[in-house]
């Protein structure tokens with residue numbers, strides 16, 4: 626939980642955000658964090674556990690906002706209101 630979340634105490638190791646560069650040779654990065662729980666969408670439906678990611682690069686002044694979901698959360702992912710908006714082809 627975020628420290629501003631009123632549903633329970635926050636994990637003492639949670640800082641709310643992190644920053645890391647990629648390896649300049651391989652382009653890879655490794656970010657270790659705690660797995661989040663489900664959080665409510667603005668209409669009260671529960672979203673699947675996810676990480677919100679903002680990707681930026683030097684010389685590009687508009688960042689990419691995206692989410693990373695967990696493959697072991699099939700049931701939660703199936704009813705996530707954001708994921709349900711993606712057209713399946």
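Residue numbers (our numbering): 626 to 714.
Even glycine gets a Cβ: it sits at the ideal position worked out from N, Cα and C.
Confirm, please, whether the CB-CB distance from residue 677 to residue 692 is below 7 Å.
Locating residue 692 in the chain shown gives position 67, where the first residue counts as 1. Locating residue 677 in the chain shown gives position 52, where the first residue counts as 1. Taking 7 Å as the Cβ cut-off, residue 692 and residue 677 qualify as a contacting pair.
task: Along the alpha helix (DSSP H) that carries residue 702, what are the first and last residues, could you check?
output: As a working mapping, residue 702 is identified with position 77 in the chain shown. Counting along the chain, the unbroken alpha helix (DSSP H) around residue 702 starts and ends at 699-703.
Whole angstroms is fine: what's the gap from residue 702's alpha carbon to residue 685's? As a first step, residue 702 is located in the chain shown; it is residue number 77 there, counting from the start. As a first step, residue 685 is located in the chain shown; it is residue number 60 there, counting from the start. Approximately 31 Å between the Cα atoms of the pair.
| According to DSSP, what are the bridge partners of residue 665? | Indexing the chain shown from 1 puts residue 665 at position 40. DSSP output for residue 665 lists 671 as bridge partner(s).
Should residue 697 go down as buried or exposed, given a rule of 16 or more other Cβ atoms within 10 Å for buried?
The sequence position of residue 697 within the chain shown is 72, counting from 1. Exposed: under 16 other Cβ atoms inside 10 Å.
In this structure, does DSSP put residue 714 in helix, strand or coil? Locating residue 714 in the chain shown gives position 89, counting from the first residue. Reduced to three states, the DSSP call for residue 714 is coil.
**Prompt:** Taking 7 Å as the CB-CB cut-off, is residue 712 touching chain B?
**Reply:** In the structure shown, chain B cannot be found, because there is only a single protein chain.
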